[in-house]
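Protein sequences, first through last, are from chains H and W.
full-length UniProt numbering puts the last residue of the first sequence at 471; the count rises by one with no breaks.
full-length UniProt numbering puts the last residue of the second sequence at 471; the count rises by one with no breaks.
Using N, Cα and C, we set each Cβ at its ideal position, and we do this for glycine too.
Encoded as structure tokens, the structure appears first; notes follow it.
Number of protein chains: 2
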Amino acid sequence: MRPIEGITVTVDLEEMKILGFKDRSTVPVPKADGTDYRESSQNHHLGLRWKGISMHQSDGPSFTIDGHKIRWANWDFHLSFDARAGPVISLASIFDLQKQKFRKVLYQVPLEPLRDCPENAVFMDAYVADHNGTPVNMPNIFCIFERYAGDVMWRHTEAAIPGKVIREVRPEVTLVVRMVSTVGNYDYVNDWEFKQSGSIKVTFHCIKARFGSNIGYTGENLHILVGLTGLLEVRGSMYTHKDQIKEEAYGTLLAENTLGANHDHFFTYHLDLDVDGDANSFVRSQLLMTPVTDHRSPRRSYWRVVSETAKTESDARIKLGVAQEDLLVINPNKRTNIGNFIGYRLIPGSVAAPLLSDDDYAQIRGAFTKYNIWITPYNKSEKWAGGLYVDQSRGDDTLARWSLRNREIENKDIVLWYTLGFHHVPYQEDFPVMTTLSSGFELRPANFFESNPVLKVRPPEPDNWSNCSRA
Amino acid sequence: MRPIEGITVTVDLEEMKILGFKDRSTVPVPKADGTDYRESSQNHHLGLRWKGISMHQSDGPSFTIDGHKIRWANWDFHLSFDARAGPVISLASIFDLQKQKFRKVLYQVPLEPLRDCPENAVFMDAYVADHNGTPVNMPNIFCIFERYAGDVMWRHTEAAIPGKVIREVRPEVTLVVRMVSTVGNYDYVNDWEFKQSGSIKVTFHCIKARFGSNIGYTGENLHILVGLTGLLEVRGSMYTHKDQIKEEAYGTLLAENTLGANHDHFFTYHLDLDVDGDANSFVRSQLLMTPVTDHRSPRRSYWRVVSETAKTESDARIKLGVAQEDLLVINPNKRTNIGNFIGYRLIPGSVAAPLLSDDDYAQIRGAFTKYNIWITPYNKSEKWAGGLYVDQSRGDDTLARWSLRNREIENKDIVLWYTLGFHHVPYQEDFPVMTTLSSGFELRPANFFESNPVLKVRPPEPDNWSNCSRA
């Protein structure tokens, strides 16, 4: 938390030796006051003495883990680890009670790098190769737990017949697959939450540890753009008060001599959906205001849904926030009993568009941020939205470049690339450690089932601990 | 769930007598199959036998309720009930450890009409007047509980000194104030979640019970627009398969003879923020792409923050999703030690713009949906965004009309009106009962504290039940 500003060090990574350094400028080193976040260093605490709180399951969890295969409620999927992408969820299927079979939802989804889980969590290890190729065990890289946060899955009260109130409530219990990663000075928590309703909810929690030099890290599905790299990132500074700042400071004064740089976070998800089979199409259902002119009704307008199937890649490049629309991946070969195409819907989270010019190198490499949605036909060499090698690349191997081929994407094995993001203007509360900022998205069944699939879910029993005595 | 279509009944509400009825059209009554959502009516269940799961606090909750005054962790506020607005949260203040005093955040927030809470919840009653003016007790209208959903408030891992890993994690425990209301055929769950970090997170869970005739309900902070009322809402129909639909059906075929109408949900929050005092200003911090032309840097662009204080009401009418910006309510008379203005930030949720024409009566009454954000100077007669009386009104007493006066709003006691919404295209999973769809927003401190206020929060202890035996 006390950056020494303006020093560039040249290191030989083969020899692990410092070859030299350059001291470009001299500014005061920020004071140590208030920068230590450890509990052991806090000399007094907030008044409240916390009472205990826990999630409890006296009979253990309701899910099973067999190797990398996880089964819970109506879900069945495979969980593995990739050194670059983090958790990879594959072959996710959901059991359809009516059809009495498992139906495929997605083929593969790589995500981001655990711990920090409740008492009822089960942990899993993973392996990576070190720089010499030796396998390294990464213990507890994932945790899997059932979550009951006091929420409601569905409910209804009906007082239609006098004296006879119908009240039906089903609490929401979900399965969370979590990974925590530390990338540069950030801690990321990525949750994949499976719901019995068929929804998959992805939540990305972004926790800044401190403002340091996370310059130019460009993993493919974790792409941090730090504006005007090397000048912009948060740094030591001459300033001790906002009034001294007369020119662009590229950020916020967070403490004396400490500037927090304006920066962005973009997260790209490679969603290889297989909705009830491999061959899928992408459908934009635009909601359009429609005037009523015939005066048969006192109303002057209504809105209608105009659905269009994307034929080629250019039809499916979407900047979110412009049109009001539902975005669906459907199986054009399968319909429900009453004739609707079987599908899943993407409900987007926080939308951010890039704020860099197209010819800026950071943006050339990060060109996949230009649209929030891209659809490509599945191609095994097209795995990393920012290219296989990102550092010092010229953007030749990015999603934006592949998409220029404008391939056919209708009724094919398609990949939905979804980028969520936020621009981060620092505030003093982010210093020295930022509290969690979350965003995410939901994949929700849309005419995938004949009707609400959770009507037949038994309400889970509360864990009965009434005869317990405190340990 | 089995609408008899096309009948209009005229009722004398004084005499409580039916005066007459009109049968406009005859269509088949939908079959009863699959419409009963009660657990007792399900002849078989989904395979999984749930194991118990609970939230536990063996020493009871950490909050106190004194009449209507609630204290928890660093928060202090008043909770009351309004028959129209639902829960009203007032005089919310947060304890600042550094300054050793409570600081005001908001004066008053009316919201929406509980039960459906976890085991550790505490309930509160409220009273309303019936149509004769007699006080009626509404038991358990609110529940208040601490939530631990297995999430992380903040964490950091640091391996800077070899062999000495620093890992600090604080689990996220929050206080939830919940109300559940049944309006027409919808069940709404509204959560106000207080975080120790100073954030207030509001989540609106929308649970459709069934598609019926919720026509034209227009409460002020719950405004349901049903497109082309009377024709459009979900209804019995001749159709039994999608392929029979040749003209506009204003919705989705959900089951044989049952159409689910396209419709909207708009929720308006009246946020009378008092950030560290009454006199506040509204600031838009726009993030703007800025070209770099001097070739001193290999970079071609960066983004900067241009902050503008809204002088009058017209400066603060905002359609979200157009500009990339941070929206702040600041106290222009108070600054942090290093000179930043003290403020709170609104982080919006699901954004929807109206899809009706300006001259359509539903939109004239619901004109407050035209902008997602409005700021007005506090005026005690301006309480209901849709007007004091909404039914059959002509839009003379709505937020959109008051705002035309273009009053001064800088350094005043101001009200932030925030409208979130979503357009709902029905899918078969919504039949006969829809699973919860949620949206919300967050009020987050922005240079309100000198630094992260939760560094000094002790980690709560897990509830230790290890010596317990199952009851």
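Item: Burial state of Met238 (chain H), where buried means 16 or more other Cβ atoms lie within 10 Å; Value: exposed
Item: Reduced DSSP secondary structure (H/G/I, E/B, other) of Phe102 (chain H); Value: strand
Item: Where Phe21 (chain H) falls, given that 16 or more other Cβ within 10 Å makes a residue buried; Value: exposed
Item: Coil, strand or helix - Ile347 (chain H) by DSSP; Value: strand
Item: Chain H contact for Val29 (chain W) (CB, 8 Å cutoff); Value: no
Item: The segment 329-345 of chain W in contact with the segment 381-400 of chain W per 3-pair CB rule at 8 Å; Value: no
Item: Check whether Ala352 (chain H) and His423 (chain H) have beta carbons under 8 Å apart; Value: yes
Item: Where Tyr427 (chain W) falls, given that 16 or more other Cβ within 10 Å makes a residue buried; Value: buried
Item: Leu231 (chain W) versus Val152 (chain H) - alpha carbon distance; Value: For Leu231 (chain W), the predicted model reports a pLDDT of 29, less than 50, meaning its position is unreliable and no value from the coordinates is stated.
Item: Buried or exposed by the 16-neighbour rule on C-beta atoms within 10 Å, applied to Ala362 (chain H); Value: buried
Item: Within 8 Å, strictly: CB atoms of Arg407 (chain H) and Thr312 (chain H); Value: yes
Item: For residue 472 (chain H), three-class secondary structure by DSSP; Value: Any question about residue 472 (chain H) goes unanswered here, given that chain H covers just 1 to 471.
Item: Within 9 Å of chain H by C-beta, residues of the segment 427-438 of chain W in sequence order; Value: Tyr427, Gln428, Glu429, Asp430, Phe431, Pro432, Val433, Met434, Thr435, Thr436, Leu437, Ser438
Item: Per-residue burial, His223 (chain H) [other beta carbons within 10 Å of its own, 16 or more giving buried]; Value: Reliability of the predicted coordinates at His223 (chain H) is poor, the pLDDT of 30 falling under 50, and no value is obtained from them.
Item: Below-8 Å beta-carbon distance, Glu253 (chain H) vs any chain W residue; Value: Sequence check: residue 253 (chain H) is Leu here, not Glu. Closer than 8 Å to some Cβ of chain W, the Cβ of Leu253 (chain H) qualifies, so yes.
Item: Tyr427 (chain H) (DSSP reduced to helix, strand or coil); Value: coil
Item: Supposed close pair Phe431 (chain H), Ser451 (chain W) - CB separation, criterion 8 Å; Value: 5 Å
Item: Interface partners of Val306 (chain W) on chain H, CB under 7 Å; Value: Residues of chain H passing the Cβ test: none, with the nearest at roughly 11 Å.
Item: Straight-line Cα distance separating Pro453 (chain H) from Gly251 (chain W); Value: 21 Å
Item: 7 Å CB neighbourhood of residue 481 (chain W) in its chain, flanking five on each side removed; Value: Past the boundaries of the shown model lies residue 481 (chain W); chain W is included only from 1 to 471, so the question cannot be answered.
Item: Thr10 (chain W) (DSSP reduced to helix, strand or coil); Value: strand
Item: Touching by the beta-carbon criterion (3+ pairs, under 8 Å), the segment 85-93 of chain H and the segment 438-445 of chain H; Value: no
Item: Buried versus exposed call for Tyr127 (chain W) [16 or more other C-beta atoms within 10 Å across all chains shown]; Value: exposed
Item: Bridge partners - Asn137 (chain W), DSSP secondary structure assignment; Value: W:Tyr127
Item: Short CB-CB distance (under 8 Å) between Met138 (chain W) and chain A; Value: Absent from the structure: chain A. Protein chains present are H and W.
Item: Neighbour flag for His265 (chain H) against chain W, beta carbons, 8 Å; Value: no
Item: Selected residue, minimal CA-CA separation from Tyr418 (chain H), among H:Ser439, H:Ile141, H:Pro298; Value: H:Ser439
Item: 7 Å Cβ cut-off: residues of chain H touching residue 472 (chain W); Value: Past the edges of chain W, shown from 1 to 471, lies residue 472 (chain W), and the structure says nothing about it.
Item: Residue interval of the alpha helix (DSSP H) (run including Gln57 (chain W)); Value: Where Gln57 (chain W) is concerned, there is no enclosing alpha helix (DSSP H), given that its DSSP letter is neither H nor E.
Item: Cβ shell of Ser314 (chain H) (< 8 Å), same chain only, five flanking positions each side left out; Value: Ser403, Asn406
Item: Reduced DSSP secondary structure (H/G/I, E/B, other) of Tyr250 (chain W); Value: coil
Item: Within 9 Å of chain H by C-beta, residues of the segment 365-378 of chain W in sequence order; Value: none
Item: Interface flag, Phe441 (chain W) vs chain H, CB-CB below 8 Å; Value: no
Item: From W:His241, W:Val305, W:Pro298, W:Ala261, residue whose alpha carbon lies closest to that of Glu247 (chain H); Value: W:Val305
Item: Chain H within 8 Å of Lys101 (chain W), Cβ atoms only; Value: no
Item: Run of the beta strand (DSSP E) containing Ile245 (chain H), from where it starts to where it stops; Value: Unbroken run through Ile245 (chain H): none, as it is neither H nor E.
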